[in-house]
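Report on the following structure.
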Amino acid sequence: MLHFEYRDTAMSRKEYKKALTEKLNQEYEKNSKKMYEILKNKQPQAIKNAEKLLEQYNPPNPVNDNPSTTVHLLVKQLNKFVRP
Numbered sequence: 004m005l006h007f008e009y010r011d012t013a014m015s016r017k018e019y020k021k022a023l024t025e026k027l028n029q030e031y032e033k034n035s036k037k038m039y040e041i042l043k044n045k046q047p048q049a050i051k052n053a054e055k056l057l058e059q060y061n062p063p064n065p066v067n068d069n070p071s072t073t074v075h076l077l078v079k080q081l082n083k084f085v086r087p
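Going by my numbering, the first residue of the sequence shown is number 4, and it counts up by one from there.
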C-alpha cells in the first residue's frame, strides 16, 4: 500500500487486498511473479512512506506497531547489489 500512498492507520488483510486491487486496476495477487515489475517504479515512494511511518513510533516496535513495516530496510540493502 505504501507504494501508492502514505498510510498510518491499520487495515485488515481483506481491506488491503481490496485497496490494492483498486490501486492496481487489476486483481491483487500477493505471490504474483509480475508484482515486482508492476511496483518497481513506485519503490522510491514506498521506501519514503515506510521511513515516515517508522519514524512516528518512539521507540519503534514493529512487532506491535500497527501499521508497521521494516521491509524497506532490507530493500535498501538489496538495492546496493542491483545494477542501475
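Backbone N, C-alpha and C fix where the C-beta goes; we use that ideal spot for every residue, glycine too. Fair warning: this is a prediction, and the values are worked out from it, not measured in the lab.
Look at the region 37-67 and you find these whole runs of alpha helix (DSSP H), each 4 residues long or longer: 38-42, 46-58. Within its own chain, the residues whose Cβ lies closer than 7 Å to the Cβ of R10, once the five positions on either side in sequence are excluded, are M4, P70, listed in chain order. Distance from the CA atom of T73 to the CA atom of K51, rounded to whole angstroms, is 12 Å.
The three-state reading of DSSP puts Y9 in coil, since its state is none of H, G, I, E or B. With 16 or more other CB atoms across the displayed protein chains lying within 10 angstroms of its CB, L56 is buried.
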